[in-house]
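> If you read the sequences in order, they're chains A and B.
Under full-length UniProt numbering, the first residue of the first sequence carries the number 1, and numbering increases by one thereafter.
Under full-length UniProt numbering, the first residue of the second sequence carries the number 1, and numbering increases by one thereafter.
Can you keep this structure in mind? I'll have questions shortly.
There are 2 protein chains.
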Amino acid sequence: MALVVHKYGGTSMGSVERIQNVAQRVAKWVKAGHQVVVVPSAMSGETNRLLGLAKDINKDAADMSPREMDMIASTGEQVSVGLLAIALQAIGTDAVSYAGWQVPVKTNNAYMKARIESIDDKRIRADLDAGRVVIVTGFQGVDAQGNITTLGRGGSDTSAVAIAAAIKADECLIYTDVDGVYTTDPRVVENARRLEKVTFEEMLEMASLGSKILQIRSVEFAGKYRVKTRVLSSLTDPMMDINTEANSGTLITFEDEETQSMEQAVISGIAFNRDEAKITLMQVPDTPGVAFKILGPVAKANIDVDMIIQNQSTNGTTDFSFTVHRNEYKKAMEVLETEIKGAVGAKEVIGDDKVCKVSAVGIGMRSHVGVASLMFETLSKAGVNIQMISTSEIKISVVIEDKYMELAVRELHKAFDLDQAAQIESV
Amino acid sequence: MALVVHKYGGTSMGSVERIQNVAQRVAKWVKAGHQVVVVPSAMSGETNRLLGLAKDINKDAADMSPREMDMIASTGEQVSVGLLAIALQAIGTDAVSYAGWQVPVKTNNAYMKARIESIDDKRIRADLDAGRVVIVTGFQGVDAQGNITTLGRGGSDTSAVAIAAAIKADECLIYTDVDGVYTTDPRVVENARRLEKVTFEEMLEMASLGSKILQIRSVEFAGKYRVKTRVLSSLTDPMMDINTEANSGTLITFEDEETQSMEQAVISGIAFNRDEAKITLMQVPDTPGVAFKILGPVAKANIDVDMIIQNQSTNGTTDFSFTVHRNEYKKAMEVLETEIKGAVGAKEVIGDDKVCKVSAVGIGMRSHVGVASLMFETLSKAGVNIQMISTSEIKISVVIEDKYMELAVRELHKAFDLDQAAQIESV
């Protein structure tokens with residue numbers, strides 16, 4: 001008997017029939033002797049419908065109270081938990097639903113992007129011990145003053161992992177509309193391969209690079225509290241063999257467990273992000289504090305910065321580059337021209353919003369200096385010019401012209417043998 | 001400056017534009033110097049949509065958990081309060097919304113028909129004192145264990161009146177899609193007249209007789225806590241003169257205030273109910289306990305009984321009659337035939353589902369014995385046969401063949417001079 005948390009996304013909860021499928025699947029786990037806590041999202045489209053009503057009332061979304069937005073948006077999940085409880089009861093499985101505030105899932109007061117501070121497991125445990133399935137709203141909690149808060153888009157993943165941590169679940173199963181984590185996007189590379197395992201550090205790099213399977217904070221939580229988390233498909237037959245299901249998808253594991261495996265691949269996947277734009281301040285006097293003088297005003301304008309690159313200075317000046325989301329390119333260029341260029345004494349501001357980022361990610365690359373050279377060699381052979389390079393311990397990212405993105409991803413996927421099963425050293 | 005509660009029904013909250021109208025109206029009251037608490041219903045159709053989802057999941061509604069139904073249904077009002085807060089903020093009026101559990105509005109644990117036990121006014125008062133409009137969900141509360149409960153259909157009226165009582169509001173204004181309480185249904189009698197005032201006892205009789213303007217429990221609350229309650233139209237221009245608006249509709253007052261008025265009419269209105277069915281057990285042995293033996297099994301079958309009539313016995317037997325909703329006629333007849341007839345030794349069970357009930361209601365009739373005779377005379381002249389009669393202190397009800405209903409209502413309305421303004425003694 002295991003204690004597991006199941007999380008189901010909006011698509012899995014998208015209709016009466018799908019909710020009944022989820023109930024069948026959960027009931028199967030209960031019949032197999034497991035204790036199950038379920039964290040469902042709002043029915044697909046519901047959160048958008050609710051926030052759309054608010055936006056119709058106040059076209060100027062900027063001055064809309066985030067507290068009231070959370071009051072409204074949180075109802076989508078509350079409906080889901082009630083419906084799923086009814087679906088389970090209808091097939092003879094005892095179940096009870098809770099809104100975040102009833103558990104309670106306590107968060108800070110940052111409406112629309114709250115962070116979970118604590119989860120009381122008393123009520124959940126009592127119901128589990130009484131033989132019930134416990135269904136808890138994802139995406140939301142309650143602050144110290146009793147106000148409803150939400151965790152931001154995709155927050156139900158974080159709720160599920162956090163609840164799994166609080167009740168010390170054996171595993172957190174994230175049921176979604178893909179059947180696992182792939183070596184790269186199968187829409188770009190046909191023979192992209194599903195990974196049976198991935199470390200949470202790799203997942204973190206891949207999530208932040210746009211793999212979009214899991215909300216990044218849920219991965220951080222999984223790492224921090226060492227929650228064994230599995231991403232698997234909710235589109236399979238709910239009555240499929242439970243052991244097959246329990247071993248499907250991709251398991252997110254921990255590095256210390258992984259390094260014991262001889263079959264560790266050097267690179268786990270090729271991630272990419274289409275929506276980049278790069279900006280460079282040319283010939284900035286290389287004096288202390290200049291980086292802050294540049295990025296301070298950018299942050300103040302609420303522009304998120306992704307990569308930051310500054311190279312060795314020449315003749316007392318340096319070129320300072322960073323990338324932003326393409327949607328914020330114009331705004332960023334304006335801030336640089338009006339507020340920063342003169343203040344830091346840069347010669348010129350140049351930018352390009354026709355770029356993308358491609359990254360090779362893998363916990364195994366730490367001890368393999370050859371990864372970078374194979375990556376650069378592959379791109380060179382494919383005729384792709386590298387505009388910027390940035391590296392972390394387990395990833396190498398390059399900025400290239402966006403029209404070469406698919407080509408670069410395909411060639412790298414091939415070069416790192418990612419279409420083959422895991423291997424012993426390849427580079 | 002007054003402290004008022006505004007209640008808006010589902011139709012008034014039925015679209016983005018209507019919610020903006022409600023905001024305009026509330027803002028007008030605030031600008032005029034009043035403190036306002038608003039209790040809005042769910043957007044029209046929303047509660048049905050939500051409960052419809054639950055019914056689609058479990059066709060057999062009988063074994064559906066009422067706790068989960070409340071979890072689902074209560075979200076409709078939560079969305080409304082958030083949207084109204086945003087609408088008020090958009091026009092520069094400070095506002096904050098609360099779900100029932102946040103106030104808290106404490107109820108007993110009777111899901112789907114909970115009763116309010118207490119309302120904490122601290123949070124509401126603090127916000128009012130800070131110059132905010134406070135918006136509280138109608139229809140719902142929270143039990144001692146922190147479960148969400150709902151008050152049953154129309155419960156938002158009760159929420160509004162209860163909150164008005166808790167904060168000692170000067171008046172509770174129920175904005176609805178009719179412009180007040182009428183002497184009878186204007187669709188039946190063209191010159192039905194709006195009453196400027198009605199006592200809460202009269203309103204009670206009229207509500208239970210099907211006037212349907214206010215949930216009956218809200219009227220009980222208004223009476224018990226002496227909440228001055230006004231029923232008025234939400235379909236007027238939201239920017240209409242506030243003094244005109246504040247004196248429009250129908251004010252529900254208290255008898256002791258009313259009796260000081262010389263202009264008290266004997267009869268305030270003619271109420272009616274189309275959906276009646278009558279059942280009679282013929283020649284029941286007149287022994288102690290027989291009424292319970294009959295109504296016990298009926299109640300056990302969850303059939304609501306309206307009128308109950310038992311006349312003087314003749315030769316040791318009596319005829320026992322009662323009326324039920326027409327929808328429950330067949331079920332009631334079955335229970336009587338199979339479980340009751342033999343057990344009480346009745347000779348025969350006869351029934352008729354082609355009847356209706358017409359009532360004359362008025363606090364003034366207590367001291368006017370002539371009311372009954374004028375009523376019976378009027379019906380006789382109109383050729384309407386009276387099948388059953390039942391009276392309370394302030395009403396006389398008759399059961400008649402349903403095809404005569406409109407005729408009876410029109411003739412009685414005329415006979416009691418209800419199309420005239422209030423008068424000094426007429427009978």
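Each residue gets a CB set at the ideal place from its N, CA and C atoms; glycine is no exception.
1. Counting pairs of beta carbons, one from the stretch 176–186 of chain B and one from the stretch 234–252 of chain B, are three or more of them closer than 8 Å?
2. Taking only beta-carbon positions, decide if Val4 (chain B) is within less than 9 Å of chain A.
3. Exposed or buried, which one is Asn302 (chain A) when buried takes at least 16 other CB atoms within 10 Å?
4. Taking its Cβ as the centre, do 16 or more other Cβ atoms sit within 10 Å of Ala42 (chain B), making it buried, or is it exposed?
5. Considering Arg274 (chain A), what are the terminal residues of the beta strand (DSSP E) in which it resides?
6. So with Cβ pairs under 9 Å, would you call Ala99 (chain A) a contact of chain B?
7. Output, in chain order, the set of chain B residues within a Cβ distance shorter than 7 Å of Ser65 (chain A).
8. Candidates B:Arg187, B:Ile267, B:Lys55: which alpha carbon is nearest Ile363 (chain B)'s?
9. Give the single residue among B:Ser248, B:Ile252, B:Asn243 whose Cα lies nearest to the Cα of Ala222 (chain B).
10. Tell whether a beta-carbon distance below 9 Å holds between His325 (chain B) and Asp304 (chain B).
11. Hey, how far is the Cα of Val134 (chain B) from the Cα of Gln20 (chain B)?
12. Identify the continuous beta strand (DSSP E) that holds Gly141 (chain B) and give its terminal residues.
13. Looking at the secondary structure, which residues open and close the alpha helix (DSSP H) in which Ala73 (chain A) lies?
14. With respect to the beta strand (DSSP E) encompassing Gly351 (chain B), which residues constitute its N-terminal and C-terminal limits?
15. Can you name the residues of chain A whose CB is closer than 7 Å to the CB of Glu68 (chain B)?
16. So if DSSP puts Phe322 (chain A) in a beta bridge, which residue, or which two residues, is it bridged to?
17. Determine which residues share a DSSP beta bridge with Glu401 (chain B) and list them.
18. What does the Cβ neighbour count give for Arg217 (chain B), buried or exposed, with the cut at 16 atoms within 10 Å?
19. Compute the beta-carbon to beta-carbon distance between Val136 (chain B) and Cys172 (chain B), rounded to the nearest angstrom, for a pair I have assumed lies under 8 Å.
20. Can you find the residues in the same chain that come closer than 7 Å, C-beta to C-beta, to Ala343 (chain A), ignoring five residues on each side of it along the sequence?
21. Report the CB separation of Ile124 (chain B) from Ala162 (chain B) in whole angstroms; it is logged as a contact under 8 Å.
22. At a Cβ threshold of 9 Å, is Met405 (chain B) touching chain A?
23. Express the C-alpha separation of Leu336 (chain B) and Gly152 (chain A) in angstroms, rounding to a whole number.
24. Helix, strand or coil for Ile124 (chain A) per DSSP?
25. For Asp56 (chain A), which residues in chain B fall below 8 Å Cβ to Cβ?
26. Keeping to the same chain, check which residues put their C-beta closer than 8 Å to that of Lys142 (chain A); ignore five residues upstream and five downstream.
27. Reducing DSSP to helix, strand and coil, say where Leu235 (chain B) ends up.
28. For Ile270 (chain B), which residues from the same chain have a beta carbon less than 8 Å from its beta carbon, with the 5 sequence-adjacent residues on both sides left out?
29. If the cut-off is 8 Å on Cβ atoms, which residues from the stretch 120–149 of chain A count as contacting chain B, listed in chain order?
30. Would you say Val79 (chain B) faces chain A, with C-beta separation under 9 Å as the test?
31. Let me confirm a value: Tyr8 (chain A) is counted as buried when at least 16 other C-beta atoms fall within 10 Å, else exposed. Which label applies?
32. Following the continuous alpha helix (DSSP H) through Tyr329 (chain A), name the residue where it begins and the one where it ends.
33. For Arg153 (chain A), does the three-state DSSP call read helix, strand or coil?
34. List, in chain order, every chain B residue whose beta-carbon is nearer than 7 Å to that of Ile72 (chain A).
35. Relative to the C-alpha of Lys354 (chain B), which residue among B:Asp402, B:Ser313, B:Gln312, B:Ile396 is closest?
36. Using C-beta distances below 7 Å, list every residue in its chain close to Val384 (chain A), excluding the 5 sequence neighbours before and after it, in chain order.
From the atom records:
1. yes
2. no
3. exposed
4. buried
5. Unbroken beta strand (DSSP E) run through Arg274 (chain A): 269–285.
6. yes
7. Going along chain B in sequence order, the residues near Ser65 (chain A) (Cβ under 7 Å) are Ala85, Ile86, Gln89.
8. For the options B:Arg187, B:Ile267, B:Lys55, the alpha carbon positioned closest to that of Ile363 (chain B) is the one of B:Ile267.
9. Here the closest residue by C-alpha is B:Ile252.
10. yes
11. Cα to Cα, the separation comes out at about 16 Å.
12. 140–142
13. Under the DSSP assignment, Ala73 (chain A) falls in the alpha helix (DSSP H) whose first and last residues are 66–73.
14. 348–361
15. Gly82, Ala85, Ile86, Ser97
16. A:Ile279, A:Ile308
17. B:Val355
18. buried
19. In fact, because the Cβ distance is near 13 Å, the residues do not count as touching under 8 Å.
20. Lys293
21. About 12 Å separates the two Cβ atoms, so there is no contact after all.
22. no
23. Between the C-alpha atoms of Gly152 (chain A) and Leu336 (chain B) there is a straight-line separation of about 59 Å.
24. helix
25. Val16
26. Checking the sequence shown, residue 142 (chain A) turns out to be Val, not Lys. Same-chain partners within the cutoff: Gly100, Trp101, Pro104, Val105, Lys106, Thr107, Ile148, Thr149.
27. coil
28. Thr183, Thr184, Val189, Val358, Ser359, Ala360, Val361, Val409, Leu412, His413, Phe416, Leu418
29. Gly146, Asn147, Ile148
30. Judged by the 9 Å Cβ criterion, Val79 (chain B) is in contact with chain A.
31. That one is buried.
32. 329–335
33. coil
34. Val79, Gly82, Leu83
35. The candidate whose alpha carbon is nearest that of Lys354 (chain B) is B:Asp402.
36. Ile400, Tyr404, Leu407, Ala408
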